[in-house]
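Visitor: Could you have a look at this structure, given as C-alpha cells, before my questions?
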Amino acid sequence: MDDVDATDDRHAFRFAPSPNGALHLGHALSALQNDALARKSGGRLLVRIEDIDTMRCPRHLAIAALGDLAWLGLAWEEPVRYQSEHFADYRAAAAKLDAMDLLYPCFASRTEIAAAARPGEFDPDGAPLYPGIWLNASAAPIEERLARGEPFALRLDMAKALAAAQARGSARLTFTSMNEQGHIQITEALPQRWGDVVLVRKDTPTSYHLSVVTDDALQGITHVVRGLDLLAATDLHRLLQVLLDLPEPVYHHHRLLTDESGRKLAKSAADTSLAELRAQGWTPADIRRKVEMV
Ligand code: GLU
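Counting in the working numbering, the sequence shown runs from 5 upward without gaps.
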C-alpha cells in the first residue's frame, strides 16, 4: 500500500498504457482526457506502465511512451508504477482468491479450447467462451501434469465467484460511470459474460484484469478513464473488486478514434504514432486539435 497517501483526498486519475508499440493518437486522446478531468477537479494524474508482458513491452518502449506524454505537455506524479516490478502484489491478490477456493488450474491450449467450445459462444473480447474443460477436474490428472512441469493458467470459477460476491452483500453487481458532462449513471455489471476467465496466465504470473484492479486500488485511483473498448472489462473488474475488498472507482469510457474505414486505430499504425507525427512537424497543439476533431 506504499502508493496511497491516506491524507490526500483529491480525485486520482491514471493513464495506463501497455507499451508494446509506439503511442498513437488514440493514446493521446486517453491521456489528454485523464489530464483534463484531473485538472478540472483539482485532482492527481498518475501514469502506470502495464508491462506484465515483459517480452512484448521492453523498457525502451515505456521510456519512449513517457517521452511522448511529456512532449504532449502532460505532467504526472512520480513515481511511475511499472507493473513488471510488482508481481508480488498480483500474486498476493491471486492467493486471496485461491484461499476463497475461487481459482482452478487449467492446462488447456488455445486449440483445445477452440475445439471444445460451444459454437457461437464468445467472450466480450471475441475469444471462444471457455467450456469448463478443467473445471471440477479430479486430483489425479492435475497432479500428473504438475509432475510433468506442464504450464497452467489459473481461471476464476465464475459460478462460485458470483455466489461469493452475493454472499458479501452484492446481490446486484453494478458499476458507476460518469459521462462527459459529469452526470453519474449506475449500470448493472454482468461479469458472467466472461465465463471462467484467466486471472493468472501461463506465461506471466498475473493477467491484465487481476493487475488492473490491484493497481487501481494500490494507487488510490478514484476515477478510471479509458476507452470504450474496455467497457465490458469493467463488469469483471467490479466483481474482482468486491471479492478482493477493493474500493469502487467511478468509470468513464471515452470514444475511440477510428481510421477512415471506421476501424479502431492500431498501435502498429505507424502513420499515426505520436513520434512519427512529431517527426513530420506536428506540434502538441496540432495533436490536441486532431484528437478533438476525429
Ligand atoms: N493497458 C491498457 C491498454 O493500453 C489500458 C488499461 C486500462 O486503462 O484499464 O489498453
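C-beta: ideal position from N, C-alpha, C; glycine also. Since the structure is predicted, the reported quantities are computational estimates derived from the model, not experimental observations.
Mind checking which residues open and close the beta strand (DSSP E) that includes GLY30?
Guide: Element bounds for GLY30: not the beta strand (DSSP E) but the alpha helix (DSSP H), 29 to 44.
Visitor: Could you tell me whether the Cβ atoms of ASN38 and ARG60 are closer together than 8 Å?
Guide: Cβ atoms of ASN38 and ARG60: not closer than 8 Å.
Visitor: At the level of alpha carbons, what is the spacing between HIS15 and ALA141?
Guide: Cα-Cα distance, rounded: 45 Å.
Visitor: Measuring only the C-alpha atoms, how far is ASP127 from VAL84?
Guide: Rounded to the nearest angstrom, the two C-alpha atoms are 32 Å apart.
Visitor: Using the Cβ count rule (16 or more neighbours within 10 Å means buried), how would you classify ALA289?
Guide: Burial call: exposed.
Visitor: Could you name the residues, in chain order, whose CB is less than 6 Å away from a heavy atom belonging to ligand 1?
Guide: Going by the Cβ distance cut-off, the answer is ALA20, PRO21, SER22, GLU54, VAL216, ARG230, LEU234.
Visitor: Just reading off the beta strand (DSSP E) that SER277 is part of, what are its end residues?
Guide: Here SER277 belongs to no beta strand (DSSP E), and DSSP marks it neither H nor E.
Visitor: Is the Cβ-Cβ distance between HIS227 and LEU78 less than 8 Å?
Guide: Not in contact: HIS227 and LEU78 (Cβ atoms no closer than 8 Å).
Visitor: Where does MET104 fall in DSSP's three states?
Guide: DSSP places MET104 in coil when its eight states are reduced to three.
Visitor: Under the DSSP definition of a beta bridge, which residues are partnered with PRO195?
Guide: In the DSSP output, where bridge partners are listed per residue, PRO195 has none listed.
Visitor: Excluding the 5 residues preceding and the 5 following ALA169 in the sequence, name in chain order all residues of the same chain whose CB lies nearer than 8 Å to its CB.
Guide: Cβ neighbours of ALA169 beyond the five flanking positions: LEU177, LEU243, VAL246, LEU247.
Visitor: What separation, rounded to the nearest whole angstrom, lies between the Cα atoms of ARG282 and ALA20?
Guide: Computed Cα separation, rounded: 22 Å.
Visitor: Report buried or exposed for GLN189, applying the criterion of at least 16 other Cβ atoms within 10 angstroms of its Cβ.
Guide: Exposed is the call here.
Visitor: For HIS187, count neighbouring C-beta atoms within 10 Å of its own C-beta (all shown protein chains included) and say buried if the count is 16 or more, exposed if not.
Guide: Answer is exposed; the Cβ neighbour count stays below 16.
Visitor: From GLY231 to THR210, what does the alpha carbon distance come to, in whole angstroms?
Guide: When rounded, the distance between both Cα atoms is 22 Å.
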